[in-house]
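J.: Dumping the structure here so I can ask a few things about it.
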Amino acid sequence: MSHYKTNLRDIEFNLFELLEREDVFGAAPYSEIDLDTAKFILREVERLSREDLAESFEDADRNPPVYDPVEKTVTMTPSFAATYKTWMDAEWWRLRVLPELGGTSAPNSLNWALAEFVLGANPALWTYVGIPTAARVIYRHGTERDKKIAQVAVDNRWGATMLLTEPDAGSDVGAGRTRAVANADGTWNIHGVKRFITAAEHDLADNILHLVLARPVGVEGVGGPGTKGLSLFLVPKYHFDLDTGELTGERNGAYATNVEKKMGMNVSTTCEVTLGDDEPARGWLLGEVHDGIAQMFEVIEDARMMVGCKAVATLSSGYLNALEYAKQRVQGADLTQTSDRSAPRVTITRHPDVRRSLLIQKAYTEGMRSLILYTASWQDEIAVRTAAGDDTGLAEAVNDLLLPIVKGYGSERSWVILGTESLQTFGGSGYLRDYPIEQYVRDAKIDTVYEGTTAIQAQDLFFRKVVRDRSRALSHVLGEIRTFAGSPDPVGDMAAERALLAQAVADAEAIVAKMTGDLAAAQDSADSIYRVGLNATRLLYVLGDVVVAWLLLRSARIAESALASAPAPSDIAFYRGKVSAARFFAREVLPTVAAQRASALTVDNFVMELDEAAF
Ligand code: ST9
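By my numbering, the letter at position 547 of the sequence shown is numbered 550, and the numbering carries on one by one without gaps.
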């Protein structure tokens, strides 16, 4: 039986009842994907993920890929290689490929809904299917030559990687030392060592296209210090004929010189890549312009969305596995009968603390699923507006604002809830390999780390997405939430929860005001910026909780209306669950925002002044 438990009903609720995607599906630029087609694809990918893609999840963890340090090659786990082939042959990945490259343009809201299934079934699979994203970025920024490379890579289903990180350049990408030297024939030779590179070596595809950040040397006006001195190069594992796309059989000098041993995601190879050591590593400058960090960030933004989606996909299956276990596990008597030693034993779903735990798992899972699909709906908006020639400024700003919340908040909350609530529901059994939860926890931890740590997401959120944006997107989103919180509820009885939401918005705004004030004060007293740094992750979590509470309460309002108008009997429990999850989240989580506000206002630089010896 599959480890993977899906929630297609909730995904459809989000797309069609909460986010009204039927207005977008079937219209330009998504005329090929109408509502019926979208529903069919959702059902197909849900089934494929649960029945087929999930199959190698456990085997590939226990029997990870084998690295040969002499040949510098990796032999993948056979069962996982079969899963990869199943997914590639199913062709659904082409919904993410640009139409210009032979793909079908599907709305991002649909694509991220599908991604949840794949990432929940077998999260590492996604890391080997980077080519749709890589090809999109190459096509957008490339010359005719680069577009041809993108086409060849898609047609031949090559692997793709992103090579940013180096041993001494992790969060600080601008500290990278990999160099690029121009050749007379227009190619470049790359020299350096990259670390923590996902999927940089495997035998799943005939070739791998590395997207490499390197610093050009010897060219006037480019290659300076920091991220702005980096350019992006296309460096294949094997050389190929640029006209025909055929592999020449000649190896390029980009080798996996180590594969890391890790806590989880064991089938996703994490490689050290040495470029240009014994043999030259030749590549092409993307678009013949030195704009590497901006180009790479288009890949990074996609990957950050992916990480948030992966985290929530795993939490969702973790919760549903815990729920199934709790419904069967008989242990102890009902709390009202504990003094009666002969009282019947009950399933643990009868115990208050288990109910609390299940409901918080459900609320975070469903609220963060809404967060991801809400963000994706802004990405749909950008595409629709672009196609119509309309201004995309606000849509882009809101998407940018939400991305660090999706990645940073989504990964942190998922990992913590998986470990403290989902695993805990199983008691001692959760610690065993008999159940998938222990692997979920191991596989999910990386989500808070790669693609920019939580601290990086928090800084990105405040400095770039709030301050640099002059709060345009933040004001828009908080304004929407305030309007919702203040509006009457025709059918439900959630006035108290809406009042909690209104208060939480005010608390969040007070934290932003405090941080903005500290930032302004840094002009006179530089160390005032430390206070901003001390509050940054707090703001990330607070805004995440506020947005998630809002989406849950909006969902509850829709569910209450549906319940008031005689829904299908099979839907009654679903809608009641939506209402209860929102109510519970509002009452449990929103009051904590006030406590965060109180703490935020008291942050003090004594933390920074403390002697290291005193830690
Ligand atoms: C990694 C791999 O962790 C994990 C693998 C996951 C699996 C991937 C799955 C596949 C997905 C698809 C992939 C396709 C191909 C690959 C497949 C691989 C499997 N938004 O603030 P400044 C830009 S990889 C947009 O001054 P600093 C912008 O151009 C490692 N752009 O920064 C800006 O210029 P301007 C992941 C942004 O102080 C310029 O950068 N590593 C954003 O110089 C400079 O900005 C990380 O994520 C943004 N949010 O540098 C690094 N931010 O201002 C984490 C910056 O003029 N570190 N730009 O617009 C950071 O993000 C740092 O904050 C820093 C700081 C490097 C940006």
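We put the beta carbon where it would ideally sit given N, CA and C, even for glycine.
Measure how close the beta-carbons of ASP403 and ALA476 come, nearest whole angstrom, since I'm counting them as under 8 Å.
T.: Position 400 of the sequence shown, counting from 1, holds the residue named residue 403. Position 473 of the sequence shown, counting from 1, holds the residue named residue 476. Right, their Cβ atoms sit about 7 Å apart.
J.: Just list the beta strand (DSSP E) runs in the segment 267–314, keeping only unbroken ones of 3 residues or longer that don't cross its boundaries, in chain order.
T.: The qualifying runs are 273–278 and 284–288.
J.: Taking 8 Å as the cut-off, is the CB of ASP614 close to at least one heavy atom of the ligand ST9?
T.: Residue mapping note: residue 614 aligns to position 611 of the sequence shown, counting from 1. It does not: the Cβ of ASP614 is nowhere closer than 8 Å to a heavy atom of the ligand ST9.
J.: Excluding the five sequence neighbours on either side, which residues of its own chain have a C-beta within less than 8 Å of the C-beta of LEU114, listed in chain order?
T.: Start at 1 with the first residue of the sequence shown, and residue 114 comes out as number 111. A small correction: the amino acid at residue 114 is Asn; Leu does not occupy that position in the sequence shown. So the list reads LEU98, ARG99 and ALA379, once near-sequence residues are dropped.
J.: Which residues does DSSP pair with ASN261 in a beta bridge?
T.: Indexing the sequence shown from 1 puts residue 261 at position 258. GLU275.
J.: The alpha helix (DSSP H) spanning PHE587 covers which residue range?
T.: Stepping through the sequence shown from its first residue, residue 587 is reached at position 584. Run containing PHE587: 572–604, per the alpha helix (DSSP H) assignment.
J.: Return yes when the Cβ of GLN364 is within less than 9 Å of the Cβ of ASP510, no when it is not.
T.: Here the question's residue 510 lines up with position 507 in the sequence shown. Here the question's residue 364 lines up with position 361 in the sequence shown. Taking 9 Å as the Cβ cut-off, ASP510 and GLN364 do not qualify as a contacting pair.
J.: How long is the line joining the alpha carbons of ALA336 and PRO347, rounded to whole angstroms?
T.: By 1-based counting over the sequence shown, the position of residue 336 is 333. By 1-based counting over the sequence shown, the position of residue 347 is 344. C-alpha separation (whole angstroms): 6 Å.
J.: With distances taken Cα to Cα, identify the nearest neighbour of LEU11 among SER108, SER320, SER568 and TYR377.
T.: To locate residue 11, count along the sequence shown from 1; it is residue 8. Ranking SER108, SER320, SER568 and TYR377 by Cα distance to LEU11 puts SER320 first.
J.: Any chance you could list the beta strand (DSSP E) runs of at least 3 consecutive residues sitting entirely within the segment 316–375, in chain order?
T.: You should have 333–336 and 348–350.
J.: Report the option in THR201, GLU301, TRP287 and GLU249 whose CA atom is closest to the CA atom of MET268.
T.: The count along the sequence shown starts at 1 and reaches residue 268 at position 265. Closest option to MET268, Cα to Cα, is THR201.
J.: How far does the alpha helix (DSSP H) with SER528 in it reach, from first residue to last?
T.: The residue given as residue 528 occupies position 525 in the sequence shown. Careful: SER528 lies outside any alpha helix (DSSP H) and carries neither H nor E.
J.: Measuring only the C-alpha atoms, how far is ILE420 from LEU51?
T.: Working through the sequence shown from its first residue, we reach residue 420 at position 417. Working through the sequence shown from its first residue, we reach residue 51 at position 48. For ILE420 and LEU51, the distance between alpha carbons rounds to 27 Å.
J.: Have a look at PRO170, ARG148, PRO228 and ALA118 and flag the residue whose alpha-carbon is nearest the alpha-carbon of PHE236.
T.: Against the sequence shown, residue 236 aligns to sequence position 233. With distances taken between Cα atoms, PHE236 lies closest to ARG148.
J.: By how many angstroms is the C-alpha of SER564 removed from the C-alpha of TYR322?
T.: Here residue 322 refers to the residue found at position 319 when the sequence shown is read from its first residue. Here residue 564 refers to the residue found at position 561 when the sequence shown is read from its first residue. Each residue's alpha carbon lies about 26 Å from the other.
J.: As a quick exercise: from PHE300, VAL515 and GLY145, pick the residue whose alpha carbon is nearest that of LEU604.
T.: Position 601 of the sequence shown holds residue 604. Nearest of PHE300, VAL515 and GLY145 to LEU604, Cα basis: VAL515.
J.: Please look up how many angstroms separate the CB atoms of PHE487 and TRP553, rounded, as I've assumed it's under 8 Å.
T.: In the sequence shown, residue 487 corresponds to position 484, counting from 1. In the sequence shown, residue 553 corresponds to position 550, counting from 1. Right, their Cβ atoms sit about 6 Å apart.
J.: Would the beta-carbon of THR262 fall within 9 Å of that of PRO68?
T.: Residue 262 sits at position 259 when you count from the first residue of the sequence shown. Residue 68 sits at position 65 when you count from the first residue of the sequence shown. A small correction: the amino acid at residue 262 is Val; Thr does not occupy that position in the sequence shown. Against a cut-off of 9 Å, the Cβ pair of PRO68 and VAL262 comes out as a contact.
J.: Take every Cβ of the segment 579–594, pair it with every Cβ of the segment 555–571, and state whether three or more of those distances are shorter than 8 Å.
T.: Yes: at least three Cβ pairs fall under 8 Å.
J.: Is the distance from the Cβ of THR373 to the Cβ of ASN17 below 9 Å?
T.: For the purposes of this step, residue 373 is taken as the residue at position 370 of the sequence shown. For the purposes of this step, residue 17 is taken as the residue at position 14 of the sequence shown. The residue you asked about is not Thr; residue 373 is Ser in the sequence shown. A contact, by the Cβ cut-off of 9 Å.
J.: Kindly indicate which residue of MET91, THR107 and GLU119 has the alpha-carbon position closest to the one of ARG139.
T.: Working through the sequence shown from its first residue, we reach residue 139 at position 136. Here the closest residue by C-alpha is THR107.
J.: Going by C-alpha to C-alpha distance, which of THR76, THR40, GLU119 and TYR131 sits closest to ALA3?
T.: Nothing can be reported for residue 3: it is not among the residues displayed for the chain, which extend from 4 to 618.
J.: Relative to the ligand ST9, is the shortest distance from any of its heavy atoms to the C-beta of VAL310 smaller than 8 Å?
T.: Within the sequence shown, numbered from 1, the residue matching residue 310 stands at position 307. It does: the Cβ of VAL310 is within 8 Å (strictly closer) of some heavy atom of the ligand ST9.
J.: How is the alpha helix (DSSP H) around THR89 delimited, first residue to last?
T.: In the sequence shown, counting from the first residue as 1, residue 89 sits at position 86. Note, THR89: alpha helix (DSSP H), 81–93.
J.: Going straight from the alpha carbon of LYS468 to that of SER474, what length do you get?
T.: The sequence position of residue 468 within the sequence shown is 465, counting from 1. The sequence position of residue 474 within the sequence shown is 471, counting from 1. Distance between the alpha carbons of LYS468 and SER474: 8 Å.
J.: What first and last residue would you give for the beta strand (DSSP E) that runs through PRO219?
T.: Here residue 219 refers to the residue found at position 216 of the sequence shown. That run of the beta strand (DSSP E) goes 211–220.
J.: Closest by CA to ARG53, which one among VAL357, ASP280 and VAL121?
T.: The sequence position of residue 53 within the sequence shown is 50, counting from 1. Nearest of VAL357, ASP280 and VAL121 to ARG53, Cα basis: VAL121.
J.: Does the distance from the CB of VAL310 to the CB of GLU103 come in under 9 Å?
T.: As a position in the sequence shown, residue 310 is number 307, starting the count at 1. As a position in the sequence shown, residue 103 is number 100, starting the count at 1. For VAL310 and GLU103, no; Cβs fall outside 9 Å.
J.: Among GLU74, VAL349, PRO491 and LEU397, which residue has its Cα nearest to the Cα of GLY256?
T.: Sequence index remark: in the sequence shown, residue 256 carries index 253 (1-based). The residue with the shortest Cα to Cα distance from GLY256 is GLU74.
J.: Bridge partners for ASP437 per DSSP, in chain order?
T.: What you label residue 437 is simply residue 434 of the sequence shown in a count that begins at 1. Per DSSP, none; premise fails for ASP437.
J.: Buried or exposed for PRO493, going by 16 or more other Cβ atoms inside 10 Å?
T.: Position 490 of the sequence shown, counted from the first residue, corresponds to residue 493. Per the 10 Å Cβ criterion, exposed.
J.: GLY252 and THR158 - do their beta-carbons sit closer together than 9 Å?
T.: Position 155 of the sequence shown, counted from the first residue, corresponds to residue 158. Position 249 of the sequence shown, counted from the first residue, corresponds to residue 252. Rather than Thr, the amino acid found at residue 158 in this sequence is Asp. Result no, Cβ atoms of ASP158 and GLY252 do not sit closer than 9 Å.
J.: State buried or exposed for ARG501, treating a residue as buried only when at least 16 other CB atoms are found within 10 Å of its CB.
T.: As a working mapping, residue 501 is identified with position 498 in the sequence shown. Burial call: buried.
J.: Please indicate yes or no: does the CB of PHE465 lie closer than 8 Å to some heavy atom of the ligand ST9?
T.: Locating residue 465 in the sequence shown gives position 462, where the first residue counts as 1. Every heavy atom of the ligand ST9 is 8 Å or more from the Cβ of PHE465, so no.
J.: Return the residue from the list LEU21, SER432 and VAL155 that minimises the CA-CA distance to ALA329.
T.: The residue given as residue 329 occupies position 326 in the sequence shown. Considering only alpha carbons, the answer is SER432.
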